[in-house]
Amino acid sequence: MDDAHALARCAPMYLRGWNAVGRRLVVVSNSGASCVMAADAAQSFGLTLAPLSDATQAALAERLPGFAATANPVDVTAALLTNSALFGEVLPVVGQDPSADLFLLDIPVSGMGYDVPRFARDAAAFADTAGKPIAVAVWQQPVADAFREAGVPTYANAGEALSAFSQLVSHQERLRQIAAEGEPPLPARFAQPATDAAGVTLSEAASLSRLSAAGMPVVEHYVCRDVDAAVAAWQRLGAPVAVKASSPQVPHKSEHGW
10 MDDAHALARC APMYLRGWNA VGRRLVVVSN SGASCVMAAD AAQSFGLTLA PLSDATQAAL
70 AERLPGFAAT ANPVDVTAAL LTNSALFGEV LPVVGQDPSA DLFLLDIPVS GMGYDVPRFA
130 RDAAAFADTA GKPIAVAVWQ QPVADAFREA GVPTYANAGE ALSAFSQLVS HQERLRQIAA
190 EGEPPLPARF AQPATDAAGV TLSEAASLSR LSAAGMPVVE HYVCRDVDAA VAAWQRLGAP
250 VAVKASSPQV PHKSEHGW
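Right, dumping it as structure tokens:
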């Protein structure tokens, strides 16, 4: 992920400590259109729709109106307006399905008559007990605030939520791959602290030297103590070059007002 903002949006997922074991997504919404759009968007993030079992769909049919969709994505319809318990009844059912890994609660429609505090409490209860990642996509800021206050990862739209899911899953897949392959031993020199024997912070040049000795590739560089040495280094490197301070007394330029 090369977008710092997108990476930051993943923080609520990581803070929950969830173990994302797969890429199979369940979408639950009170809007059929949002169900379809979220399902389509999931593909672009490398996620697939979980095929809900017959038992799960039968259990959903017992709780939803006859015209609601019990296949994934699950559309609870506008019946949510007259039955505020629907999210709280549907989420535990899909949460027990063996095919379900991730859960997106997409709420594009909310207003007078909708019991938002109830929705937030039910989503939070599911997040606390299911042990699987859940995210909420909410367009309206006051509604989103209720879910955030309840501790549920909340995003402005389904795309942001799906992106966070993808990052979390991809990262944990990589960690499992490393564990299965056996993590390579950390070179002893690389494991040393970034200080010398006296506890003084290493300069950048000394740090690069330690990294190189540990087998890490580093940028070609020269330590220059006067103008002539700097000119000679520039001639060896060729343009363009960067000139940087290298001193244990200057661990970071911001500390010196630069």
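If you use the numbering used here, the sequence shown corresponds to residues 10 to 267, in order. Yeah, the Cβ is synthetic: ideal placement off N, Cα and C, and Gly gets one too.
Check                                                                                                                                             : Outcome
Buried or exposed for M121, please, with buried defined as at least 16 other CB atoms from any protein chain shown within 10 angstroms of its CB. : exposed
Helix, strand or coil for Y23 per DSSP?                                                                                                           : helix
In the structure shown, what three-state DSSP assignment does S93 receive?                                                                        : coil
Would the region 77–93 and the region 147–155 be scored as touching if the rule is three or more Cβ pairs under 8 Å?                              : no
To which residues does DSSP link T163 through a beta bridge?                                                                                      : V145
Taking the alpha-carbon of A67 as reference, which of V103, M46, N92 and L24 has the nearest alpha-carbon?                                        : V103
Locate the alpha helix (DSSP H) running through S53, then write down its first and last residues.                                                 : G41 to S53
Check T65 in the structure and name its three-state DSSP category.                                                                                : helix
Just to confirm the assignment, what range does the beta strand (DSSP E) spanning S38 have?                                                       : R33 to S38
Could you say if the region 95–111 and the region 58–73 meet the contact criterion of at least three C-beta pairs nearer than 8 Å?                : yes
Do you know offhand how far R198's Cα is from Y231's?                                                                                             : For R198, the pLDDT reaches just 46, beneath the cut-off of 50, and the residue's location in the model is therefore unreliable, although a value from the coordinates is still provided. Whole-angstrom Cα-Cα distance: 22 Å.
Looking at the strands, I want to know which residues DSSP matches up with D84.                                                                   : S38 and A78
Classify Q258 as helix, strand or coil using the three-state DSSP reduction.                                                                      : coil
Quick check on the DSSP output: the beta strand (DSSP E) that includes L111 runs from which residue to which?                                     : L111 to I116
Give the secondary structure of L73 by DSSP, where H, G and I count as helix, E and B as strand, and everything else as coil.                     : coil
Can you tell me the Cβ-Cβ gap for R100 and V37, rounded? I've got them flagged as a contact below 8 Å.                                            : The identity of residue 100 in the sequence shown is Leu, whereas the question assumes Arg. Indeed they touch by this definition, with Cβ atoms about 7 Å apart.
State the DSSP-derived secondary structure class of Q181, mapped to helix, strand or coil.                                                        : helix
I need the straight-line Cα distance from M46 to V147, nearest angstrom please.                                                                   : 14 Å
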